[in-house]
Amino acid sequence: MTRITTSCAELDKILGGGISCKEVTEIGGVPGIGKTQLGIQLAVNVQIPCYYGGLGGKAIYIDTEGSFMVERVLQIAEACTEDMAEYGRFLGKSIQARQVEMGPKDFLENIYYFRVCSYTEQIGLENYLDKFISEHRDVKIIVIDSVAFQFRQDFDDLAQRTRVLSAMALKLMKLAKKFSLAVVLLNQVTTKVIEGSFQLALALGDSWSHSCTNRLILYWNGDERYAYIDKSPSLRSASAPYSVTSRGIRNSSSNS
Amino acid sequence: MTPENLLRRPQPVEKLTLGCPVMDRCLAGGIPCESITEIVAESGSGKTQLCLQLALLAQLPPSLGGLSASSIYLHSEFPFPTRRLHQLAAQFHAHHLQDLIATGRDQRYDPMDGILVQSVHTADQLLDIMTQTESFLQNSQTQFPVRLIVIDSIAALFRSEFDNTSIDLMKRSSLFFKISGKLKSLASRFRLAVVVTNQVVDYVGDGMNGLKIGNLEELYSSGRRVCPALGLAWSNCVNSRLFLSREEDEKANNCSVERSEEDGGFGSRTTRRWLHLVFAPHLAPSSCEFVIRREGISGVDR
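Note that the protein sequences, when read in sequence, are chains C and R.
Reading the first sequence from the start, the letters are residues 1 to 256 in full-length UniProt numbering.
Reading the second sequence from the start, the letters are residues 1 to 302 in full-length UniProt numbering.
Following this line, the structure appears as structure tokens:
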């Protein structure tokens, strides 16, 4: 199965190579842990050309919170082009004249960016994705950042919210399979009362948590960031440290 | 809004200067537009001062880090520091009159005219104000449109209305997301910078209170460990979080005497203050020291 690298070798290892295409992966964690950073890294990495071992694809980035910052995307993209050049030199590959080198602005152009400001816009957009991707077949990843935000307002009828979310999850799963692309849903963390004590859980409720095929939890362990495979049909539960640097997601500094 | 119209060509956002290159460096240029920046601090740390300063700086042209814009200042804590605002405005006017005239302002320009102050008492009232603000922004025809909204503070709106029962906490959470949703929608549509101040509560040692959110393991101010008010739910509602801390420095050092004219009106010779970046989608962790003077807040390059 094709996978998209996260740029962190340890994280790629527990993921069996990276985030899988054809599946939905939910990634949750507290504010500041690096969800948006990972989302942007994946939207950049999906574009890595085939001759560098990537998918040469494009990305759809659905921003529901306003966290997508162009300056950060360009920073991560620039680091990616530098890493690609380094990799090319390492392999002794010479870049043929016909292979055009991508610059940071090209990476930005290849991300189809949608800004959503309400849950009705979010649902409308998700219904439109099938048509859009049919017309843009090189899209290989959809990132929704975050899937939860617009749904955490007052819903008159929680049962209705559950139905809407289930339908959404199903639709996204079908898109993943139909177009062989990765669907990455960034989710927030909430507190839940379990047996009288407060615990952390991902937002959107129990029923939603059953809807996603894969789930990765990002968390702090002291001063270090870790990712934990919380749910997967094929991967073992495992943790891996990672870091957020000026270049994007990378190996944890204590490892490299 | 059809789905096709939601596709955007993302542009780098404009930034609003904090008024000093040292502090701006911490934030890679200043407060970003089109998102919510939260300033968390205990009382007397300078958060209101900083907001008043931002409301004035917004009036500067972009070449000086401003937005050539007016501001809406919603305050929920009383009394509003009118005297301090007048003082800062007078300083601002004296310092920047030529720059402002160059951007088309009148000779008789008064910076106070560029700040629309309104008091707000409850969360529901805030929601109403935002609906009114939306029509106002849509229909406004001025040369200096509103580009900054300040809410000082968000915490005071939730102090008394809610008990600690889980139903009330859920209702309170829903309101956070509703308010944040509306603010972000306005911010995106009208390219506004939104600054929201928040208070702190003492860390009491129970699990949730001590949850690490952002880069700082722990937040300290005035020698005690603190947490931002309104909990994890509200943390999910802001894009960036800044923390202002203060410590009384007991050593006699060569700090110049500060006449810190804050809300409380008390002065302190050796108070040291820091601005910390707790989290932001575009910034590496950073801190910088600052001072509060008659002219306003400025960073210290130590």
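Glycine included, each C-beta is placed from N, C-alpha and C at the ideal position.
Just so you know, these numbers come straight off a predicted model, no measurement behind them.
With a CB to CB cut of under 6 Å and the five nearest residues on each side skipped, what residues in its chain are close to E262(R)? In the second sequence, residue 262(R) corresponds to position 262, counting from 1. Unreliable placement is indicated for E262(R), whose pLDDT of 45 sits below 50; the coordinate value is still reported in the next sentence. Cβ within range, chain order: G44.
Keeping to the same chain, check which residues put their C-beta closer than 7 Å to that of G30(R); ignore five residues upstream and five downstream. Taking the second sequence and counting its residues from 1, the one referred to as residue 30(R) is at position 30. Result list for G30(R): K15, L16, T17, L18, D24 and G65, in chain order.
Against chain C, with Cβ distances strictly below 8 Å, would S185(R) count as a contact? Locating residue 185(R) in the second sequence gives position 185, where the first residue counts as 1. By this cut-off, S185(R) is an interface position.
Figure out for me which residue from P145(R), S153(R) and A102(R) has the closest Cα to the Cα of L116(R). Sequence index remark: in the second sequence, residue 116(R) carries index 116 (1-based). Closest by alpha carbon: P145(R).
Check the C-beta distance from T133(R) over to L186(R) and give it rounded, since I have them as a contact under 8 Å. Taking the second sequence and counting its residues from 1, the one referred to as residue 133(R) is at position 133. Taking the second sequence and counting its residues from 1, the one referred to as residue 186(R) is at position 186. With a Cβ gap of about 7 Å, T133(R) and L186(R) count as contacting.
Taking only runs that begin and end inside the stretch 168 to 245 of chain R, name each unbroken alpha helix (DSSP H) of 4 or more residues, in chain order. 231 to 235
Bridge-paired residues (DSSP) for W220(C): Position 220 of the first sequence, counted from the start, is the residue given in the question as residue 220(C). DSSP lists R225(C) as partners of W220(C).
Quick one: which chain C residues come within Cβ less than 8 Å of K178(R)? Along the second sequence, one-based indexing puts residue 178(R) at 178. Near K178(R) (Cβ distances below 8 Å), the residues of chain C are Q153 and D154.
From the DSSP secondary-structure annotation, give me the bridge partner or partners of Y242(C). As a working note, residue 242(C) is residue 242 in the first sequence. Looking at the DSSP assignment, Y242(C) forms a beta bridge with R225(C) and N251(C).
Is the shortest distance between the beta-carbon of D138(C) and the beta-carbons of chain R less than 8 Å? Start at 1 with the first residue of the first sequence, and residue 138(C) comes out as number 138. No, its Cβ sits nowhere closer than 8 Å to a Cβ of chain R.
R8(R) (DSSP reduced to helix, strand or coil): Along the second sequence, read from residue 1 onward, the residue named residue 8(R) stands at position 8. Strand, per DSSP.
Cross-chain neighbours of P31(C) in chain R, by beta carbon under 7 Å: To locate residue 31(C), count along the first sequence from 1; it is residue 31. Within chain R, the residues near P31(C) are I213, G214, S235, N236 and F279.
Closer than 8 Å is the cut-off here; do at least three beta carbon pairs connect the stretch 164 to 184 of chain R with the stretch 50 to 61 of chain R? no
Does the separation of the CB atoms of I141(C) and V73(C) fall below 8 Å? If you number the first sequence from 1, residue 141(C) lands on position 141. If you number the first sequence from 1, residue 73(C) lands on position 73. The answer is no: Cβ separation not under 8 Å.
Enumerate in chain order the residues of its own chain whose CB-to-CB distance from G18(C) is below 7 Å, with the five nearest sequence positions on each side excluded. For this step, residue 18(C) is matched to residue 18 along the first sequence. Answer for G18(C): R3, I4, T5, T6 and D12, listed in chain order.
With the cut-off set at 8 Å, would you say Q188(C) and G28(C) are in Cβ contact? Numbered from 1 along the first sequence, position 188 holds the residue referred to as residue 188(C). Numbered from 1 along the first sequence, position 28 holds the residue referred to as residue 28(C). Yes, the pair counts as a contact, with Cβ atoms nearer than the cut-off.
Taking C-alpha atoms, which residue in D301(R), E295(R), R302(R) and G299(R) lies nearest to H86(R)? In the second sequence, counting from the first residue as 1, residue 86(R) sits at position 86. Looking at the Cα atoms, E295(R) is the closest of the given residues.
Which term fits Y87(C), buried or exposed, when burial requires 16 or more other beta carbons within 10 angstroms of its beta carbon? Walking along the first sequence from the start, residue 87(C) turns up at place 87. Counting Cβ neighbours within 10 Å, Y87(C) comes out exposed, since fewer than 16 surround it.
Mapping DSSP to helix, strand and coil, what is H282(R)? Along the second sequence, one-based indexing puts residue 282(R) at 282. Residue state, collapsed to three classes: coil.
Chain C contact residues for V13(R), given Cβ-Cβ distances below 9 Å: Translated into positions along the second sequence, residue 13(R) becomes position 13. Correct list: M69, V70 and E71.
Quick check on this structure: which residue in Q141(R), S119(R) and H282(R) has the alpha carbon closest to the alpha carbon of L74(R)? Here residue 74(R) refers to the residue found at position 74 of the second sequence. For the residues Q141(R), S119(R) and H282(R), the minimum Cα distance to L74(R) belongs to S119(R).
Run through chain R and tell me which residues come within less than 7 Å of E82(C), C-beta to C-beta. Within the first sequence, the letter at position 82 stands for residue 82(C). Neighbours of E82(C) on chain R: none; closest Cβ ~18 Å, over 7 Å.
If you draw a straight line from the alpha carbon of N253(R) to that of R293(R), how long is it in whole angstroms? Residue numbering aside, residue 253(R) sits at position 253 when the second sequence is read from its first letter. Residue numbering aside, residue 293(R) sits at position 293 when the second sequence is read from its first letter. Residue confidence is low: N253(R) scores 46 on pLDDT, short of 50, so the model does not pin down where it sits. Its coordinate-derived value is still stated next. About 18 Å.
Consider the Cβ of S7(C): report whether some Cβ of chain R lies at a distance smaller than 8 Å. Taking the first residue of the first sequence as position 1, residue 7(C) is located at position 7. No, S7(C) lies away from the interface with chain R (no Cβ there is under 8 Å from its Cβ).
List the residues of chain R that S252(C) touches, going by C-beta distances under 7 Å, in chain order. On the first sequence, position 252 is the one that residue 252(C) refers to. The premise fails here: S252(C) is roughly 15 Å from chain R at the closest Cβ pair, so nothing lies under 7 Å.
Every unbroken beta strand (DSSP E) inside the stretch 71 to 103 of chain R [3 residues or more]: none
According to the neighbour-count rule (16 or more other Cβ atoms, all chains shown, within 10 Å of its Cβ), is T82(R) buried or exposed? As a working note, residue 82(R) is residue 82 in the second sequence. Result: exposed.
Does the structure place the stretch 1 to 10 of chain R close enough to the stretch 108 to 119 of chain C that three or more beta carbon pairs sit under 8 Å? yes
Do L56(R) and L88(R) have their C-beta atoms closer together than 8 Å? Translated into positions along the second sequence, residue 56(R) becomes position 56. Translated into positions along the second sequence, residue 88(R) becomes position 88. In this structure, L88(R) lies closer than 8 Å to L56(R) by Cβ.
Would you call the CB atoms of I154(R) and V196(R) closer than 8 Å? For this step, residue 154(R) is matched to residue 154 along the second sequence. For this step, residue 196(R) is matched to residue 196 along the second sequence. Yes, these two residues count as a Cβ contact at 8 Å.
Among G231(R), M208(R) and V238(R), which residue has its Cα nearest to the Cα of residue 303(R)? What is shown of chain R runs 1 to 302, which leaves residue 303(R) out entirely.
Is any beta-carbon of chain C found at less than 8 Å from that of L6(R)? Taking the second sequence and counting its residues from 1, one reaches residue 6(R) at position 6. At least one chain C Cβ lies under 8 Å of L6(R).
On a CA-only basis, which of G34(C), V116(C), A85(C) and L91(C) is nearest I60(C)? Give me that one, please. One-based indexing of the first sequence puts residue 60(C) at position 60. If we check each option's Cα against that of I60(C), V116(C) comes out closest.
Please work out which residues of its chain come closer than 7 Å, Cβ to Cβ, to S166(C), disregarding the five sequence neighbours upstream and downstream, and give them in chain order. Here the question's residue 166(C) lines up with position 166 in the first sequence. Within the same chain, S166(C) has close Cβ partners S207 and S211.
Return the residues of the stretch 280 to 298 of chain R that lie within a Cβ-Cβ distance of less than 9 Å from chain C, sorted by chain order. A280, P281, H282, L283 and A284
Classify R108(R) as buried or exposed, calling it buried when 16 or more other Cβ atoms lie within 10 Å of its own Cβ. Along the second sequence, read from residue 1 onward, the residue named residue 108(R) stands at position 108. Per the 10 Å Cβ criterion, exposed.
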